[in-house]
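Here the structure comes first, spelled out in structure tokens, and everything after it is commentary.
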Amino acid sequence: MDKLRMVGGTPLKGEVVIAGAKNAALPILCACLLTDQPVVLRNVPDLQDVRTMLKLLQEIGVTIHFPDASDRSHLILNAAVIKSSEATYEMVKTMRASILVLGPLLARMHSAKVSLPGGCAIGARPVDQHIKGLKAMGASIKITSGYIQAETKPPNDRLKGASIVTDMITVTGTENLLMAATLASGTTILENAAREPEVGDLAELLVKMGAKISGIGSDRLVIEGVEKLHGAEHTVIPDRIEAGTFLCAVAAAGGEVLVKYCRPDTLDAVIAKLKEAGLQMEVGPDWINASMQTRPKAVSFRTSEYPAFPTDMQAQLMAVNAVAGGSSTITETIFENRFMHVQELNRLGADIAIEGNTAIAQGVEKLSGAIVMATDLRASASLVIAGLAAQGETQVDRIYHLDRGYDRMEHKLTLLGAKIERIK
Ligand code: EPZ
Numbered sequence: 073m074d075k076l077r078m079v080g081g082t083p084l085k086g087e088v089v090i091a092g093a094k095n096a097a098l099p100i101l102c103a104c105l106l107t108d109q110p111v112v113l114r115n116v117p118d119l120q121d122v123r124t125m126l127k128l129l130q131e132i133g134v135t136i137h138f139p140d141a142s143d144r145s146h147l148i149l150n151a152a153v154i155k156s157s158e159a160t161y162e163m164v165k166t167m168r169a170s171i172l173v174l175g176p177l178l179a180r181m182h183s184a185k186v187s188l189p190g191g192c193a194i195g196a197r198p199v200d201q202h203i204k205g206l207k208a209m210g211a212s213i214k215i216t217s218g219y220i221q222a223e224t225k226p227p228n229d230r231l232k233g234a235s236i237v238t239d240m241i242t243v244t245g246t247e248n249l250l251m252a253a254t255l256a257s258g259t260t261i262l263e264n265a266a267r268e269p270e271v272g273d274l275a276e277l278l279v280k281m282g283a284k285i286s287g288i289g290s291d292r293l294v295i296e297g298v299e300k301l302h303g304a305e306h307t308v309i310p311d312r313i314e315a316g317t318f319l320c321a322v323a324a325a326g327g328e329v330l331v332k333y334c335r336p337d338t339l340d341a342v343i344a345k346l347k348e349a350g351l352q353m354e355v356g357p358d359w360i361n362a363s364m365q366t367r368p369k370a371v372s373f374r375t376s377e378y379p380a381f382p383t384d385m386q387a388q389l390m391a392v393n394a395v396a397g398g399s400s401t402i403t404e405t406i407f408e409n410r411f412m413h414v415q416e417l418n419r420l421g422a423d424i425a426i427e428g429n430t431a432i433a434q435g436v437e438k439l440s441g442a443i444v445m446a447t448d449l450r451a452s453a454s455l456v457i458a459g460l461a462a463q464g465e466t467q468v469d470r471i472y473h474l475d476r477g478y479d480r481m482e483h484k485l486t487l488l489g490a491k492i493e494r495i496k
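Residue numbers for the sequence shown follow my numbering, so the first one is 73 and each next one is one higher.
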């Protein structure tokens, strides 16, 4: 298993280019299943989770072509021939987002067999809302031996439009139902829909493919089903979580960094909190110049659905709070077990206690390097940020977690002057 080894204490300097958003690319790759014509994508991030999704789509029958072999961000997907409507346990257990083939396969092929995603490190993460919504659209769904077996009713008929209110706001639940609704007969209303920018990016592509969607960006999506969708071209939105992660790295390690090709307008809550922490930011249309010359101030926050502070940034801002002046409370309201980075941060000398779904951090002057273990994607990013701020050498084990959602983070940090290397 690869490790990252770093020596902290060096302020970051230079420019970092943000890649396309993982959580937009994953549903967008699945959207190609909705048409038999080619879909051309640009700015697709080269990540483990994207490679996993491409493998799953190929098993289903999608052909994938990279027009320029050296540019993995530009690809053409063609789902003209669907060989199998099944996402096996082996595939789904490595990546829960595989559930996103369920809606498109059901809509296009009128049947789908997708393994139930197991739990994951950060929580149970059931998919009951995905199933509830598809049933409302006329699908018959059975759960047998760990698989979701879905068929339209009567068999081979189209899904039917329905009014659906999800019990809670679910990002991939909204995306699965949105994709299914585009080919249903009649109109679907999705109330309590997720408003994350990645949902909007998917909706923009679907509209380019001929889908009729209104309310994009709001919590009420209205989709008028059509018979067929056609091909389209789309550039994936920049990754707001990668951008936010680098902003937190500057806030914790100090220095001055120009974050390029990002979308500051999707980062309002994160920018507001980092400003409160004392990070100086000059914000342009697609860039943020961030500078930190002092010790950060502790900032309390709670995670919530977009546009509030994102749960995917909780671990990273906690790493900033670990070295900030003052104490802070961090409340995680989305997932029930997303504090596994706390014990690892405390191994680096942080002083963070957990009480239920709230962590209380007393900022310390200095963290000191140690060997720590990544437990999930954003926890890994938190440990890298803490390691950059710590005195001495830190080693982060199991960084396959990091590789799922960040494209060669150590390479980008090296360009910013960080002393960091990957150990195979
Ligand atoms: C998406 O996960 C993201 N993943 C997650 O990012 C992100 O943390 C999460 O949304 C919240 O923003 C992708 O987009 C691929 P949810 P998702 O359905 O869709 C409960 C990362 O680090 N729920 O919005 O799985 C669920 O348990 C990853 O990039 C149900 O109970 O999250 C959770 O408590 C981690 N039943 C809450 O809702 C359901 O049917 C929100 O989950 C669906 C969800």
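For every residue, glycine included, the Cβ atom is placed at its ideal position computed from N, Cα and C.
Ala96 to Arg450 span [Cα, whole Å]: 17 Å
Where Thr466 falls, given that 16 or more other Cβ within 10 Å makes a residue buried: buried
Where the alpha helix (DSSP H) containing Gln388 begins and where it ends: Gln386 to Ala394
Unbroken beta strand (DSSP E) run spanning Thr260, endpoints: Thr259 to Glu263
beta-carbon His473 near ligand 1 non-hydrogen atom, thresh 7 Å: no
beta-carbon Glu268 near ligand 1 non-hydrogen atom, thresh 7 Å: yes
Three-state secondary structure assigned by DSSP to Met125: helix
Beta carbon of Leu231 nearer than 8 Å to that of Leu250: no
Alpha carbon of Ser145 to alpha carbon of Ala425, nearest angstrom: 41 Å
Contact test: Pro310 Cβ vs ligand 1 heavy atom, cutoff 7 Å: no
Best match in Leu487, Gly258, Arg180 and Ala252 for proximity to Gly228 [C-alpha to C-alpha]: The amino acid at residue 228 is misidentified as Gly; the sequence shows Asn. Closest option to Asn228, Cα to Cα, is Arg180.
Given Tyr219 as reference, the closest of Ala208, Ser372 and Ile203 once Cα atoms are compared: Ile203
The region 183 to 200 in contact with the region 119 to 135 per 3-pair CB rule at 8 Å: no
Residues of its chain near Ala453, where Cβ-Cβ distance is below 6 Å and the 5 sequence neighbours each way are ignored: Thr317 and Gln388
Lys94: CB within 7 Å of a non-hydrogen atom of ligand 1: yes
Residues bridged to Asn361 [DSSP beta-bridge criterion]: Leu330 and Glu354
Whole beta strand (DSSP E) elements within the region 125 to 176, 3-residue minimum: 135 to 137 and 147 to 150
CB contact flag (Val414, Met364, <8 Å): no
Any non-hydrogen atom of ligand 3 closer than 7 Å to Gln201 Cβ: This structure lacks ligand 3; the ligands present are ligand 1.
Gly272 CB to nearest heavy atom of ligand 1 below 7 Å: no
heavy atom of ligand 1 below 7 Å from Asp118 C-beta: no
Ser400 versus Gly175 - alpha carbon distance: 41 Å
Phe407: CB within 7 Å of a non-hydrogen atom of ligand 1: yes
Neighbour-count burial assignment, Pro368, 16 or more Cβ in a 10 Å radius: buried
Asp423, DSSP secondary structure in three states: strand
6 Å CB neighbourhood of His64 in its chain, flanking five on each side removed: The structure shown does not extend to residue 64, since the chain is modelled only from 73 through 496, so no value can be given for it.
Alpha-carbon to alpha-carbon, Leu105 and Gly133: 9 Å
Local Cβ density within 10 Å of Gly459, reported as buried at 16 or more and exposed below that: buried
Three CB pairs or more closer than 8 Å across the region 375 to 389 and the region 403 to 410: yes
Top-ranked residue by Cα proximity to Gly245, from Leu206, Ile213, Asn361 and Gly282: Leu206
Stretch-stretch touch, CB-based, cutoff 8 Å, three pairs: the region 304 to 312 with the region 263 to 274: yes
Cβ neighbours of Val436 in the same chain (closer than 8 Å, five flanking residues each side left out): Ala394, Val395, Gly421, Ala422 and Asp423
Rounded separation between Arg114 and Ala103 - CA only: 14 Å
Same chain, Cβ closer than 7 Å to Glu247, five either side skipped, listed in chain order: Pro99, Leu172, Val271 and Leu274
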